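The block underneath contains the structure these notes are about, expressed in structure tokens.
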């Protein structure tokens, strides 16, 4: 992947900021990750979130903790009982 950091900063970041602000105002939890640059053995992501906790709401199924854990370096492990890893709606 080519370095898209400048394109992100000049053309996309402001729009993402607007979406994040609107989600916060309208009380929509959101998690967003955009790959903006590849540096050989790693990729740089721009990550943003408005969590249910920040919005003082409770979801019956709050997957935001999972998203944030993965974004912060936690590894996921498939259940041992799966022979084939299938698409699972997180």
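Numbering (our numbering), first residue to last: 74 to 163.
Cβ coordinates follow ideal geometry from the N, Cα and C atoms, glycine included.
Please read these numbers as outputs of a predicted model, since none were measured by experiment.
Spatially closest choice to residue i from the options, by CA coordinates
{"i": "residue 77", "options": "102, 108, 126", "result": "108"}
{"i": "residue 131", "options": "91, 119, 101", "result": "101"}
{"i": "residue 94", "options": "144, 141, 145, 121", "result": "121"}
{"i": "residue 143", "options": "99, 92, 106", "result": "106"}
Exposed unless 16 or more other CB atoms sit within 10 angstroms - verdict on residue i
{"i": "residue 79", "result": "exposed"}
{"i": "residue 189", "result": "Past the edges of the chain, shown from 74 to 163, lies residue 189, and the structure says nothing about it."}
Euclidean distance between Cα positions of residue i and residue j
{"i": "residue 139", "j": "residue 82", "result": "27 Å"}
{"i": "residue 147", "j": "residue 84", "result": "31 Å"}
{"i": "residue 129", "j": "residue 97", "result": "11 Å"}
{"i": "residue 117", "j": "residue 75", "result": "11 Å"}
{"i": "residue 127", "j": "residue 135", "result": "13 Å"}
{"i": "residue 104", "j": "residue 114", "result": "24 Å"}
{"i": "residue 137", "j": "residue 90", "result": "19 Å"}
{"i": "residue 88", "j": "residue 133", "result": "30 Å"}
{"i": "residue 110", "j": "residue 145", "result": "17 Å"}
{"i": "residue 99", "j": "residue 119", "result": "22 Å"}
Original post:
Could you give the uninterrupted runs of the alpha helix (DSSP H) lying entirely in the stretch 89-123, keeping only those of 4 residues or more?
Top reply: none
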